[in-house]
Amino acid sequence: MKIFELNIFGFTLAPSYYGLMYILGFLYGIWAIKRTKKYTDSQRESLFIYIFAWVILWGRIWYILFYNLENYLATPLDILKVWEWWMSFHGWVIWVIIALYLFSKKVKLSFLEITDDIAAIIPVALFFWRIWNYLNKELLWFAYSWPLAVTTQTGSYFPSPLVEALLEWIVLFFILRYFYAHKSFHGQIWSLFLIFYGIFRTLVEIFIRTPDEQIWYYFWFLTQWSLLSIPMILLWVFFYVYLGKNPQYATK
290 MKIFELNIFG FTLAPSYYGL MYILGFLYGI WAIKRTKKYT DSQRESLFIY
340 IFAWVILWGR IWYILFYNLE NYLATPLDIL KVWEWWMSFH GWVIWVIIAL
390 YLFSKKVKLS FLEITDDIAA IIPVALFFWR IWNYLNKELL WFAYSWPLAV
440 TTQTGSYFPS PLVEALLEWI VLFFILRYFY AHKSFHGQIW SLFLIFYGIF
490 RTLVEIFIRT PDEQIWYYFW FLTQWSLLSI PMILLWVFFY VYLGKNPQYA
540 TK
């Protein structure tokens, strides 16, 4: 969805809400990381260069492979349409973990501490992306005509992106901030983020939104996202227990 469109000497400038929300998310992240006072200016710059490059590249590749491969095999040049770049959460999580690991080795800082710092600020970025989903009239559910309903050519729908924004921003944000202030072991916040985000999003996928047309449902009620998320939740429950029981990861 375009914010505006401006034609200048044959060149079209049409920034989108999608790009704007990414920019706002990264700007907030830069500000929040600076407030921790744990990183030098050069370290912060390197950190967000690593994250930005790996999120954009590998989040996009994961989406292509798991969510819309048939379309991109039929029209491979669509991969280059940056104004239509959808992303995959699972893709960028995997590659952000790799990026943070490489960054931690470069600057010789604790990998788990860095992941905790990043996880604590992600809910705000998720809020921006859900507002974009709402503005772009995506991820909708049943017919609904009350305030904040999303109106399309086919009718008015329940604004499920706003429910996701509530869960992924306010609820998840305060859960993470509480445990961040009372952290007992390194890796705790990152683990909690993936566990609770996976749970919230899976519940929304099952009960509150209609999946994308190209993937639809598997096994009656499970979506592609749910099938990818359940193993993620279980894996990080294991990490949470393992890290919490291992004295070498304790914060005190």
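Residues in the sequence shown are numbered consecutively from 290, following the numbering used here.
For glycine and all other residues, C-beta sits at the position ideal for the given N, C-alpha and C.
Item, Value
"Alpha carbon of T491 to alpha carbon of A409, nearest angstrom", "20 Å"
"Beta-bridge partners of A432, as assigned by DSSP", "Y446"
"Rounded straight-line distance, which links the Cα of E427 to that of F447", "11 Å"
"Spatially closest choice to Y423 from V460, S393, A454, by CA coordinates", "A454"
"Straight-line Cα distance separating I519 from W419", "Residue identity check: residue 419 is Arg in the sequence provided, not Trp. Rounded to the nearest angstrom, the two C-alpha atoms are 21 Å apart."
"Q465, DSSP secondary structure in three states", "Residue 465 is actually Leu in this sequence, not Gln. Three-state result, L465: helix."
"Helix, strand or coil at T441 [DSSP, three-state]", "strand"
"Option nearest I407 by Cα separation, candidates L313, L517, L336, Y538", "L336"
"Which listed residue (M521, T512, Y469) has its alpha carbon closest to that of T404", "Y469"
"Cβ neighbour criterion (16 or more within 10 Å) applied to I387", "exposed"
"Residues bridged to F474 (per DSSP)", "A539"
"C-alpha gap between I340 and M310, whole angstroms", "16 Å"
"Rounded straight-line distance, which links the Cα of S515 to that of A321", "30 Å"
"For N425, three-class secondary structure by DSSP", "coil"
"CB of F482 within 7 Å of CB of L465, strictly", "yes"
"Same chain, Cβ closer than 6 Å to A546, five either side skipped, listed in chain order", "Because the chain is modelled from 290 through 541, residue 546 falls outside the range shown and cannot be assessed."
"Extent of the continuous alpha helix (DSSP H) to which L401 belongs", "400–408"
"Where T512 falls, given that 16 or more other Cβ within 10 Å makes a residue buried", "buried"
"Short Cβ contact (7 Å threshold) for I484 with W430", "no"
"For K534, the three-state DSSP class (helix, strand or coil)", "helix"
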